[in-house]
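*Asks:*
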Amino acid sequence: MSLDSKTKAQPTAATDIEAVSRQLASLREDMSRLTETVSAIAGRRGSHMAADIAEGFDQARHYAESKGRSAEAQVEESVAAHPFMTIGLAAGAGFLVGALSRR
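Residues 1 to 103 in the UniProt record's numbering are what the sequence shown spells out, letter by letter.
#1: Can you name, in chain order, every residue of its own chain whose Cβ lies under 8 Å from the Cβ of A71, other than the five neighbours on each side?
#2: Hey, quick one: how far does the alpha helix (DSSP H) through R103 stretch, first residue to last?
#3: Between A64 and M49, what straight-line distance do the alpha-carbon atoms span, to the nearest angstrom?
#4: How is H48 classed by DSSP in three states: helix, strand or coil?
#5: Measuring only the C-alpha atoms, how far is G94 from R103?
#6: Are the Cβ atoms of V97 and T86 separated by less than 8 Å?
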């Protein structure tokens with residue numbers, strides 16, 4: 001009887017090993033598909049983020065250009081309205097830079 005129970009146990013063990021091997025192969029395939037899916041999602045999100053960043057830089061550049069033009073117009077207006085004061089400020093700034101560069 002002990003011989004009979006051993007022969008029955010061996011096919012069951014072999015069957016169990018085959019079942020576990022099949023499950024592991026299936027798990028590997030699932031993990032591979034999951035990895036591909038996650039990579040694809042990350043790639044799409046990365047490209048969306050890059051586009052958003054580029055758009056943000058574009059908006060910042062336009063804002064800076066607009067503010068620069070506005071400041072330039074204000075300076076031109078001020079120089080036209082007060083030419084002697086502008087010359088005095090320029091001379092004072094030149095004197096200050098000259099004095100600092102001697103030290």
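Beta carbons are placed, not taken as given, at the ideal position from N, Cα and C, and that holds for glycine.
*Replies:* In brief:
#1: In its chain, beyond the 5 residues on either side, no residue has a beta carbon closer than 8 Å to the beta carbon of A71.
#2: Segment: none, R103 is in no alpha helix (DSSP H) and carries neither H nor E.
#3: Distance from the CA atom of A64 to the CA atom of M49, rounded to whole angstroms, is 22 Å.
#4: Residue state for H48 is assigned as helix, using DSSP reduced to three classes.
#5: Rounded to the nearest whole angstrom, the CA to CA distance from G94 to R103 is 15 Å.
#6: Inclusion of V97 and T86 in the CB contact set at 8 Å is not warranted, their separation being larger than that value.
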